Amino acid sequence: METAIIPVTPITPTDNNDLVSSEVQPNKRRRKKSIVWDHFTVETVGDGCIRACCNQCKKSFAYITGSKLAGTSHLKRHIALGICPVSRQRNQQASGTKTANATYEPRKRQRATPGFANIPFNQERCNHEIAKMIIMHEYPLHIVEHPGFIDFARTLQPQFNMVSFNTIQGDCVAMYLNEKQRLLNFINEIPGRISLTLDLRISNQTVGYVFITGQFIDMEWNLHRCLLNVVMVPSPDSDCALQQAVVSCLSDWHLENRLFTLGLDQSFSNVNINQNLRALFSVRNPYMLHGQFLIGNCFARVISLLAQEALWSVGETVKKIRDSVKFVKTSDTHEETFFGLKEQLKVPSMKDIFIDDQTKWNTTYDMLAAACELKQVFLCLETSIPDYNIAPSMDDWKQIEILCTYLKLFFDAVSILTGPTYPNASAFYHEVSKVQLELTHAAMSNDPFISNLTKPLKEKFDRYWSDCFLVLAVAVVMDPRFKMKLVEFSFSRIYGDDAGMWIKIVDDGIHELYLEYIAQALPPPETFVEERNGSIIPEQNGGVILKTEPPEDGYLHEEGYLQEEQTHEAAPQELSHHEVAHQEDSHHDVAHREVSDQEVAGQEITHQEEASQEVPSQDPLISIGDGLSDFEVYISEISGSHQMKSELDQYLEESLLPRVQDFDILGWWKLNKTKYPTLSRMASDILSMPFSTVGPDSVFDTERKKMDNYLSSLRPVTLEALICAKDWLQYGGPSQSCDANVKMEF
8 METAIIPVTP ITPTDNNDLV SSEVQPNKRR RKKSIVWDHF TVETVGDGCI
58 RACCNQCKKS FAYITGSKLA GTSHLKRHIA LGICPVSRQR NQQASGTKTA
108 NATYEPRKRQ RATPGFANIP FNQERCNHEI AKMIIMHEYP LHIVEHPGFI
158 DFARTLQPQF NMVSFNTIQG DCVAMYLNEK QRLLNFINEI PGRISLTLDL
208 RISNQTVGYV FITGQFIDME WNLHRCLLNV VMVPSPDSDC ALQQAVVSCL
258 SDWHLENRLF TLGLDQSFSN VNINQNLRAL FSVRNPYMLH GQFLIGNCFA
308 RVISLLAQEA LWSVGETVKK IRDSVKFVKT SDTHEETFFG LKEQLKVPSM
358 KDIFIDDQTK WNTTYDMLAA ACELKQVFLC LETSIPDYNI APSMDDWKQI
408 EILCTYLKLF FDAVSILTGP TYPNASAFYH EVSKVQLELT HAAMSNDPFI
458 SNLTKPLKEK FDRYWSDCFL VLAVAVVMDP RFKMKLVEFS FSRIYGDDAG
508 MWIKIVDDGI HELYLEYIAQ ALPPPETFVE ERNGSIIPEQ NGGVILKTEP
558 PEDGYLHEEG YLQEEQTHEA APQELSHHEV AHQEDSHHDV AHREVSDQEV
608 AGQEITHQEE ASQEVPSQDP LISIGDGLSD FEVYISEISG SHQMKSELDQ
658 YLEESLLPRV QDFDILGWWK LNKTKYPTLS RMASDILSMP FSTVGPDSVF
708 DTERKKMDNY LSSLRPVTLE ALICAKDWLQ YGGPSQSCDA NVKMEF
């Protein structure tokens, strides 16, 4: 039997990752890529079997068997690790010092490497990055003198010369001044006003530090919140301490006549402090809405005080829960028994118990909420652990559950301050009005425990609500999804039959505020002075604009002035008897001339009509041109006969927008600023109002933060530079970018 002869296609050695293809063209041989083929030769042993033979020791290795490719990794190890005896012997004879594991290093292919080796060393840039690192992570300035850090830096770059304390301090201040100038230029370009908040921290040396934060909306309708100053006040208990800090801030950032609101924590203020601040602004800044927007309380502090009051009212029961949690968490045996009981009872809760941090009231709420879900386990724990004799009773658990209901109300209310972006002012109305409504309802509860728990809370929150309800309501009216409708709805639930009176207060207030913005947009009135030659020169803003001759009828004389009639509302002017009589005579003369002019004009018209009747028109068409030449005149006539609505009334009468979750209220005003030029300026100032003086990390604090000993030991300018520059760099403030869009979320 004859065997068919099958032509063999030459196969070229490949790399590890190269696949064997059955469709390789016989006339195209692939280039050998791997370096092992400098030391191995391919041999065909049989049908579909190809092996690699070492050129030095002649040992054969598997390479291709059928469709399986063994690769080249084992061939590389044979050469690189000195497994080949001939290669190892030759290399030992050549060097005499190399070990058997490093006898031969195969030739490596040249790869393209990044050009880091070509970058020259820059000492100044390294100093800049160290200063930025110290600012961002609050490292002490003395870190540049720590031996461990010096060794670490020299290991990374032997050419680096470690800077001194004074040098790095100067670099940090220089970075702060550079960022401050950029932020100052940015603030000077914003079209609206800016709002400030004050927070006070005291060091162990009883020196005060006032943290002043600014909040504003830029030209692109992005909301920004950034720390402006940290002002040291030697006597924080003085009534003038905050006033001095605010004066310094206004001067430092050129904010005279640009301040809209001021928020502070009422716990460190008093009547004298508030009066001093109002007196300051009455001189340096015009009031808006009779100063009702000027001084505001911190919403986070108010809620924190309510939470502490609620926890204190049932303090003994809360202590029982805390002690029970400690009993479980401080012993591995107790914790193992506790979770064993949880599995036996099949409690569906996924929460884990933990010991709270009493400086953060939200951790106490979380501890109590988790314990309530696991109360069945605590009730059975006494039977499993005889030493557990502090188990709360069922009445205790009921009180804790009611307490958690109102702690959750407070927690949800201030959670809007812990998000990645600071909310605009309209978001606060929903949370504040909800707390007011719930506490009002709970205080009238038939349950004595609920009423006794919530009555003191309502009394405290009533004071906050009465101070800020108007500001909050005006802010939510600027939301085109709610306007006055939400105020009417929520007030009817809060005030009942008296809601109409409070709704009218809001409506009158927002209209009065709008008129103030209208008055600001008007040009200043023109006044006239009389030169020696009797000619009149009207002046505007102190500058001479135009020179006119006095009228022939003597309407303007030595004691009088010309007052231009305005269509806007203005205060009535009180006139003397002589001026009234003079004006009446003048009006009589003018009226007499007008009548005479009308008679003359009437006679002329009569003559024209007679002439038109005598001479027929040569143009047989009535319409001129396209027939619409007089249309604009007609429209202006019928429009003038109706009273024009203001921007505010037009805005309020339009239908509400759909309430969607991702609605961007600032983006809406940006798109409609041309339609509402005056109202949009008013909305920009209102929506940028802050209602909290603390940062996201201090919303749930039960204790006021103190200035640590290290920062208080620094010079005031260095302290301010480190704290402010960190805020600007960390949050990417306006000096970094303008991507701080704030979206309304529910």
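8 is the number of the first residue of the sequence shown in this note's numbering; add one for each residue after it.
In this text, a Cβ means the ideal position worked out from N, Cα and C, and glycines have one as well.
The structure presented is a predicted model; accordingly, all values stated were derived computationally and were not measured.
Helix, strand or coil at residue i [DSSP, three-state]
i      : result
His437 : helix
Leu663 : coil
Asn281 : helix
Arg58  : strand
Met226 : coil
Glu556 : Note that Glu556 scores 41 on pLDDT, short of 50, meaning its location in the model is unreliable; the coordinates nonetheless yield the value given after this. Glu556: coil per DSSP, three-state reduction.
Trp735 : helix
Glu50  : strand
Arg688 : helix
Ala398 : coil
Phe489 : coil
Val170 : coil
Met182 : helix
Thr371 : helix
Tyr146 : coil
Tyr524 : helix
Gly6   : Residue 6 is absent from the model: the chain starts at 8 and stops at 753.
Asn453 : coil
Ile90  : coil
Met429 : It is worth fixing the name first, because residue 429 is Tyr in this sequence and not Met. Of the three classes helix, strand and coil, the one that applies to Tyr429 here is coil, per DSSP.
Ile209 : strand
Met357 : coil
Close Cβ partners of residue i (< 8 angstroms) along its chain, the five nearest in sequence each way excluded
i      : result
Ser687 : Trp676, Asn679 and Lys680
Met143 : Lys733, Leu736 and Gln737
Lys66  : Cys60, His85 and Cys91
Gln164 : Phe128 and Cys133
C-alpha distance - residue i paired with residue j, whole-angstrom precision
i      : j      : result
Tyr183 : Ala732 : 5 angstroms
Ile201 : Gly270 : 12 angstroms
Gln610 : Ile517 : At Gln610, the pLDDT of 44 sits below 50, so the modelled position is not reliable and the matter cannot be decided from this model.
Tyr146 : Met491 : 50 angstroms
Asn277 : Cys247 : 11 angstroms
Arg232 : Gln351 : 52 angstroms
Gly322 : Ser258 : 48 angstroms
Lys554 : Gln527 : With a pLDDT of 38 at Lys554, under the threshold of 50, the modelled position of this residue cannot be trusted; read the value that follows with caution. Computed Cα separation, rounded: 27 angstroms.
Leu754 : Val442 : Examination of residue 754 is not possible in this model, given that the chain is present from 8 through 753 alone.
Ala138 : Asn185 : 13 angstroms
Leu312 : Ala160 : 48 angstroms
Gln668 : Gly674 : 14 angstroms
Asp209 : Trp368 : In the sequence as presented, Asp is not what sits at residue 209; that position holds Ile. Each residue's alpha carbon lies about 22 angstroms from the other.
Gln250 : Phe275 : 13 angstroms
Ala378 : Val354 : 12 angstroms
Ser255 : Gln282 : 18 angstroms
Glu136 : Ile310 : 41 angstroms
Buried/exposed call for residue i, threshold 16 Cβ in 10 Å
i      : result
Leu529 : exposed
Glu445 : buried
His261 : exposed
Tyr717 : exposed
Thr213 : exposed
Val335 : buried
Beta-carbon proximity list for residue i, same chain, < 6 angstroms, skipping 5 on both sides
i      : result
Gly503 : none
Thr412 : none
Asp46  : In the sequence on display, residue 46 carries His and not Asp. Closer than 6 angstroms at the Cβ level, and outside the excluded window around His46, lie Asn62 and Ile86.
Asp454 : none
Ser356 : Glu380 and Leu381
Thr51  : Ile57
Glu495 : Ile510
Sequence-distant residues of the same chain with beta carbon closer than 7 angstroms to residue i, five excluded per side
i      : result
Asp206 : Phe218, Asp272, Thr700 and Val701
Ala450 : Ser458, Thr461, Lys462 and Lys465
Glu152 : Phe172
Met485 : Ser433, Ala690, Ile693 and Leu694
Interface flag, residue i vs chain C, CB-CB below 7 angstroms
i      : result
Ser458 : Any reference to chain C falls outside this structure, which holds one protein chain only.
Residue i Cβ short of 6 angstroms to the ligand NAD heavy atom set
i      : result
Met374 : In terms of ligand content, the structure shown is empty, and the ligand NAD therefore cannot be addressed.
Can you confirm whether the segment 397–414 touches the segment 343–362 when touching is taken to mean that 3 or more C-beta pairs between the two stretches lie within less than 8 angstroms? no
Report yes or no: do the segment 709–728 and the segment 235–245 share at least 3 C-beta pairs separated by less than 8 angstroms? As far as the Cβ criterion goes, the segment 709–728 touches the segment 235–245, which means the pair count is three or higher.
Cβ pair count under 8 angstroms reaching 3, the segment 704–718 against the segment 416–429: yes
Count the CB pairs spanning the segment 471–483 and the segment 427–441 that are closer than 8 angstroms, and state whether there are at least three. yes
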